[in-house]
Amino acid sequence: MNKINNEEIWHDCLESIKVSVSPANFSTWFSQTQLLNVETKDKRYLIEIGCSSAYVKATIESRYFGLIQDSLSKTLEAPCDLIFMVKSDLDTKTYPKKTTKTPLFDKKTNDNEKLSYSFKKSGIRRRYTFNNFAVSSSNQMAWAAAEAVSDKPGIAYNPLFIWGGVGVGKTHLMNAVGYNIIKNKDDALLLFCTGEQFTNDIVEGIRRKTTQAFRDKYRKLDVLFLDDIQFIAGKDAVQEEFFHTFNALVLEGKQVILTSDRPPSEISKLEERLRSRFEAGLIVDISRPDFELRCAIIQIKAKEKGIELDTNSVHLIAGNISTAREIEGFLTKLSSQALIKQLEINEDSIKSLIGKPNEEVTFKIKASPDDVIGVVSRYYSVGKRQLLGKSRARPIATPRQVLMYILRTDLQLPLQEVGRITGGRDHTTVMHAVDKITKLASKDVQTREDIMGIKNML
Ligand code: ADP
Ligand code: MG
């Protein structure tokens, strides 16, 4: 095969991959790849894919192996075997040229006054978009729902209720929805407010006897974003007003998006009628980011701040920081310290900053592979011998794949090592297992609960 063909094949393959991954993941990982070589062997293709660094290679292998294989097999109409290799002098200009549609920042909008005005009026923050939102199993459902709502506000899911702990990206996602809606229709009437602002607005309205003005303001909206709705619980007058606002909007086919730190069923002192209204829409949760997602977020945030990090540094931070919000804070601290103390940003300076007595920044499952094997075996009531044995029956194979997933993503062991520990398996088997469980966890609540349950036992 000649070079042009390789470029074309890779271009087609990436076009189909683009549909299945978020824009941020796409631009973070796939823009740093190139198809190096295609050979035929016994009616199969052997394909070499170059990655710009060991880190990109590891991520693509563990997360996207199946996806790439499928789409290449479709493009070439024959089964494909893949080999990934690191190639630092990669010629990646072939693909990004055609995908410059997904930059991290959208500069064009800066020039557009009308858009600027719409953003300002709505309270939507432009720095939070789908393009700089990384996706993995912990937030995939929420991301997909948010994208659907931003495409068809008022139609897809109404209300959309996103819940999860502090700093997992709820506010970011909500802003991303607003960003897309305004970009699609700059005269749409949007309002982003927090539960607290909404409460103050009502209290003020009641005090000044201007509740009518309040109603006019809220009920004419096309989309209402209410962040941290749990704040209105227990406040009767506020809930009353919100109930009517909510009904008026939804009845007119206007979109309502809510976030909270817990699901409606667990917000105490939330009126029953509100709870049932929320439950009539779509409720999705975001859990804590796993290691791979933390790495992706670190890369996005570092890029935004103009900080250069090598692979080891990214891993070091991801291994010690648990939420996206802490990542942002840590990187800010890192860049300011580097500036003040004239330090280079490298593993040493990162270590010393992490080493600061800040209990918040240490998070990592501190378990040995044996502990994990023991817990997985107990959790599924599958004997250790069977777990590490040859059987491919699903009641054993699935727990084994979950075991591989945890060893790989939480204990951060290399693929080969995971294969060795789990009964001498090939690293590609491990790769497939991680890939499969990642996909499963994004769709299947039971799988997610199993993984959480096992981690809690560790
Ligand atoms: P929450 O509202 O859930 O408390 P935020 O939306 O405020 O969390 O997110 C905290 C920080 O983490 C923000 O800087 C946000 O951009 C970042 N963040 C969270 N999740 C992601 C993600 N998946 N990709 C990129 N950045 C993220
Ligand atoms: Mg928030």
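Here the sequence shown is numbered in the numbering used here, starting from 17 and rising by one per residue. For every residue, glycine included, the Cβ atom is placed at its ideal position computed from N, Cα and C.
- Every residue with a CB closer than 6 Å to a heavy atom of the ligand ADP is listed here in chain order: 144, 148, 149, 150, 155, 180, 182, 183, 184, 185, 186, 187, 188, 313, 316, 340, 341, 344.
- Two segments are said to touch when three or more pairs of C-beta atoms, one from each, lie closer than 8 Å; by this definition the stretch 300–307 touches the stretch 136–154.
- Look at residue 339 here: in three-state DSSP terms it is coil, with no helix or strand label.
- Counting along the chain, no beta strand (DSSP E) covers residue 432; the unbroken alpha helix (DSSP H) around it starts and ends at 431–437.
- By the neighbour-count definition (other C-beta atoms within 10 Å, threshold 16), residue 415 is a buried residue.
- When rounded, the separation of the alpha-carbon atoms in residue 29 and residue 96 is 12 Å.
- DSSP lists 176 as the beta-bridge partner residues of residue 298.
- Following the DSSP letters along the chain, one finds residue 412 inside the alpha helix (DSSP H) bounded by residues 410–425.
- The alpha-carbon of residue 214 is positioned some 8 Å away from that of residue 242.
- The alpha helix (DSSP H) runs of length 4 or more contained entirely in the stretch 141–194 are, from start to end of the chain, 156–167.
- DSSP, reduced to helix, strand and coil, places residue 317 within a helical segment of the structure shown.
- Membership of residue 82 in the alpha helix (DSSP H) is indicated by the continuous run 70–92.
- Linking residue 464 to residue 322 through their CA atoms gives a straight-line distance of about 35 Å.
- Here the alpha carbon of residue 27 sits roughly 16 Å from the alpha carbon of residue 80.
- Residue 454 and residue 233 have their alpha carbons spaced roughly 44 Å apart.
- Residues 64, 66 of the same chain have their beta carbon placed closer than 6 Å to that of residue 52, with the five preceding and five following residues left out of the count.
- Residue 128 sits in coil when the DSSP states are folded into three classes, being neither helix nor strand.
- DSSP places residue 461 inside the alpha helix (DSSP H), whose first and last residues are 461–473.
- With respect to residue 208, residue 138 sits close: the two C-beta atoms are nearer than 7 Å.
- In the DSSP assignment, residue 60 forms a beta bridge with 57.
- In the three-state DSSP reduction, residue 243 falls in the strand class (E or B).
- Burial state of residue 188 is buried, judged by a 10 Å Cβ sphere holding 16 or more other Cβ atoms.
- For the options 408, 168, 253, 390, the alpha carbon positioned closest to that of residue 400 is the one of 390.
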